[in-house]
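**Q** Residue numbers (the working numbering), protein chains in the order written: chain A, 153 to 186; chain B, 731 to 1198.
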Amino acid sequence: MTRIVTIKTRDLKESAKGCGECQTSKQACEKVTK
Amino acid sequence: MIHCFKFDDKNIVLDVYSGSIHMVDEVAYDIIQMYENNSRDEIVDAMLSKYADRADVNEAEIDECLADIESLKEQGKLFTPDKYEKIAIDLKKRRYTLKALCLHVAHTCNLNCSYCFACQGNFHGERGLMSYETGKRAIDFLIENSGYHKNLDIDFFGGEPLMNWEVCKKLVIYGREQEKIHDKNIRFTLTTNGININQDVIDFCNQEMHNVVLSLDGRKEVNDRFRVDIKGNGSYDRIVPKFKQFVEARGNKSYYMRGTFTHFNTDFVNDILHMADLGFKELSMEPVVTSPDSPSALTEEDFPVLCEQYERLAREMIKRNEEGNGFTFYHYMLDLTCGPCIYKRISGCGAGTEYMAVTPWGDLFPCHQFVGDEKCKLGNIWDGISPEGKELSYEFAQVNAYSRPACKDCWAKLYCSGGCAANSYHSGGKITDIYDYGCRLFRKRIECALAVRLSNLSEDDIDKSLGD
Chain A
153 MTRIVTIKTR DLKESAKGCG ECQTSKQACE KVTK
Chain B
731 MIHCFKFDDK NIVLDVYSGS IHMVDEVAYD IIQMYENNSR DEIVDAMLSK
781 YADRADVNEA EIDECLADIE SLKEQGKLFT PDKYEKIAID LKKRRYTLKA
831 LCLHVAHTCN LNCSYCFACQ GNFHGERGLM SYETGKRAID FLIENSGYHK
881 NLDIDFFGGE PLMNWEVCKK LVIYGREQEK IHDKNIRFTL TTNGININQD
931 VIDFCNQEMH NVVLSLDGRK EVNDRFRVDI KGNGSYDRIV PKFKQFVEAR
981 GNKSYYMRGT FTHFNTDFVN DILHMADLGF KELSMEPVVT SPDSPSALTE
1031 EDFPVLCEQY ERLAREMIKR NEEGNGFTFY HYMLDLTCGP CIYKRISGCG
1081 AGTEYMAVTP WGDLFPCHQF VGDEKCKLGN IWDGISPEGK ELSYEFAQVN
1131 AYSRPACKDC WAKLYCSGGC AANSYHSGGK ITDIYDYGCR LFRKRIECAL
1181 AVRLSNLSED DIDKSLGD
């Protein structure tokens, strides 16, 4: 039986492969939502 | 590293270094926590003993669960090793370029809030308004030092920026001219107490401001305890109608109702719900940042109350979402599939490197919370960063999610990026310290944020790594 349900998330390891266009953070990365 | 926690009927497992999130039943929850330090036989014995009365927990089922865990581990979604230390070191060496300025267009205020970290708007110094020429130079300084960044952010801040509104408008017009010339995209934002909002402010902001932050502490008696004018009169009755008019006219553009809670309203969820019931849907309520000696400072005795409140808020948001009457809470907004990359998660807010505050006289500070502390002055917009400022900026570049020993084993460090340098500085005297009270609250908020997000899943949100 299924005891583990994995939720889709951005893979942080993959994200290591930094554009800096996000807002300084008085939420979404613009690059991957385009 | 993994973090396992329960929220009501949910068992949640966060794989820290991959960012993966799993919802599991109680058997898998127990097995996952034993997995790394126990043999297969020890796990089987423990589960058969604990769940002796359950037919669905037998040796074959436990082995199937163990196989699923192993499969997730092989896929890099569970027990993922930490391989980001090198990135953290590289980020310390990076030559940073500026991408955001906090323009203190007014070091004065038409309210006299006793808890204000800006000391009623003057930041422990003299009162003053930023001139148009100083503001223009600040925008030029930002563009000149922005390097490859296309997106730039400028926040009109104070004090109360609407006390210098004509300059704000002229600076937006100037910024729009300059962004075309230099191929930049400037996002302007405004933070206001609402007293001076009028139709001109509403129309101009809705045309030009990417976001507006409207300060309201919630219920009338709570708001008017601190948010009073010079004569001591509360502001609620004056600002709420203006905020309603502003937000209604804003359409689908971003705004935030932003409150502060203190020792005097640890039941702050009532204030959030009050704002939601007024019709505001984008809400934020922040713990006060003040001296521990202040009567409004949060105490250790308050801490469990605040945690209970954050849980209560999560449950209320889940309920209202299901009823189709939801609202957003700043700290519970998690974009799981398109969230920030690992570089952003390690490096944090960029204070002192990518983000700086400009006083009305053009002096530069690492962020708005350092303004007024002469030891933290970086330079000015005419002469640039001073030699001492460069040393200080270098110090800020050194602090990230991997630089503080206290963060080493913290599961939330890739959500907070090592926390707020200003909070660390004001609580411990060094930006390399941590603000432990804030850390503990932050961890609670992230758990609640995940619980809210996982209560509103669709089939598209499910990763089929293990098959159906």
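Every residue, glycine too, gets a C-beta built ideally from N, C-alpha and C.
(1) Return the CA-CA distance between residue 783/B and residue 1017/B, expressed in angstroms with no decimal places.
(2) Which of helix, strand or coil does DSSP assign to residue 694/B?
(3) Could you tell me which of 1145/B, 1178/B, 932/B and 790/B sits nearest to residue 973/B, measuring between CA atoms?
(4) Just to make sure I have the definition right: I need the residues of chain A whose C-beta is within less than 7 Å of the C-beta of residue 909/B. Which are they?
(5) Please compile the residues from chain A whose C-beta is within a distance smaller than 7 Å of the C-beta of residue 1155/B.
(6) Can residue 1107/B and residue 1119/B be called in contact, C-beta distance under 8 Å?
(7) I want to know whether the stretch 847-856 of chain B touches the stretch 963-978 of chain B - three or more CB-CB distances under 8 Å.
(8) Threshold first: 4 residues or longer. Then list the alpha helix (DSSP H) segments lying entirely within the stretch 902-957 of chain B, N to C.
(9) Below 8 Å between beta carbons: does that hold for residue 913/B and residue 830/B?
(10) Taking only runs that begin and end inside the stretch 1063-1099 of chain B, name each unbroken beta strand (DSSP E) of 3 or more residues, in chain order.
(11) What is the DSSP secondary structure of residue 1027/B, counted as helix, strand or coil?
(12) By the 10 Å Cβ neighbour count, where 16 or more other Cβ atoms means buried, how is residue 948/B classified, buried or exposed?
(13) Can residue 815/B and residue 1132/B be called in contact, C-beta distance under 8 Å?
(14) By the criterion of Cβ-Cβ separation under 8 Å, what are the contact partners of residue 782/B in chain A?
(15) Starting from residue 1144/B, trace the alpha helix (DSSP H) both ways and give me its first and last residue.
(16) Look at the alpha carbon of residue 1088/B and the alpha carbon of residue 887/B, and state the distance between them as a whole number of angstroms.
(17) Using a 10 Å radius around the Cβ and a threshold of 16 neighbouring Cβ atoms, would you call residue 1022/B buried or exposed?
(18) Whole angstroms are fine: how far does the CA of residue 995/B sit from the CA of residue 706/B?
(19) I need the DSSP call for residue 1012/B, collapsed to helix, strand or coil.
(20) CB-CB under 6 Å to residue 186/A, same chain, minus the five flanking residues each way: which ones, in chain order?
**A** Reading off the structure:
(1) If you number the second sequence from 1, residue 783/B lands on position 53. If you number the second sequence from 1, residue 1017/B lands on position 287. Their backbone Cα atoms lie some 46 Å apart in a straight line.
(2) Lying before the first or after the last residue shown, residue 694/B is absent from chain B, which here runs from 731 to 1198.
(3) Working through the second sequence from its first residue, we reach residue 973/B at position 243. It is 932/B whose Cα lies nearest to the Cα of residue 973/B.
(4) Here residue 909/B refers to the residue found at position 179 of the second sequence. In chain order: nothing, as chain A lies at least about 14 Å away.
(5) Here the question's residue 1155/B lines up with position 425 in the second sequence. Chain A residues near residue 1155/B: none, gap ~16 Å exceeds 7 Å.
(6) To locate residue 1107/B, count along the second sequence from 1; it is residue 377. To locate residue 1119/B, count along the second sequence from 1; it is residue 389. Yes, they are a contact pair.
(7) no
(8) 929-938 and 950-956
(9) As a first step, residue 913/B must be located in the second sequence, where it is residue number 183. As a first step, residue 830/B must be located in the second sequence, where it is residue number 100. Cβ atoms of residue 913/B and residue 830/B: not closer than 8 Å.
(10) 1085-1088 and 1093-1095
(11) Here residue 1027/B is taken as the residue at index 297 of the second sequence, counted from 1. Note: residue 1027/B maps to coil in three-state DSSP.
(12) Translated into positions along the second sequence, residue 948/B becomes position 218. Per the 10 Å Cβ criterion, buried.
(13) Numbered from 1 along the second sequence, position 85 holds the residue referred to as residue 815/B. Numbered from 1 along the second sequence, position 402 holds the residue referred to as residue 1132/B. Against a cut-off of 8 Å, the Cβ pair of residue 1132/B and residue 815/B comes out as a contact.
(14) The residue you call residue 782/B lines up with position 52 of the second sequence. Ordered by position in chain A, no residue passes the 8 Å Cβ test against residue 782/B, which lies about 18 Å from the chain.
(15) For this step, residue 1144/B is matched to residue 414 along the second sequence. Segment 1143-1146, the alpha helix (DSSP H) holding residue 1144/B.
(16) Here residue 1088/B corresponds to residue number 358 of the second sequence, with the count starting at 1. Here residue 887/B corresponds to residue number 157 of the second sequence, with the count starting at 1. Rounded to whole angstroms, residue 1088/B to residue 887/B spans 10 Å at the Cα level.
(17) Along the second sequence, one-based indexing puts residue 1022/B at 292. Residue 1022/B is exposed by the Cβ-count criterion.
(18) With chain B covering only 731 through 1198, there is no way to say anything about residue 706/B.
(19) What you label residue 1012/B is simply residue 282 of the second sequence in a count that begins at 1. Residue 1012/B: strand per DSSP, three-state reduction.
(20) The sequence position of residue 186/A within the first sequence is 34, counting from 1. Here the model assigns residue 186/A a pLDDT of 44, short of 50, so the residue's position is not dependable, and the following value carries that caveat. There are no such residues.
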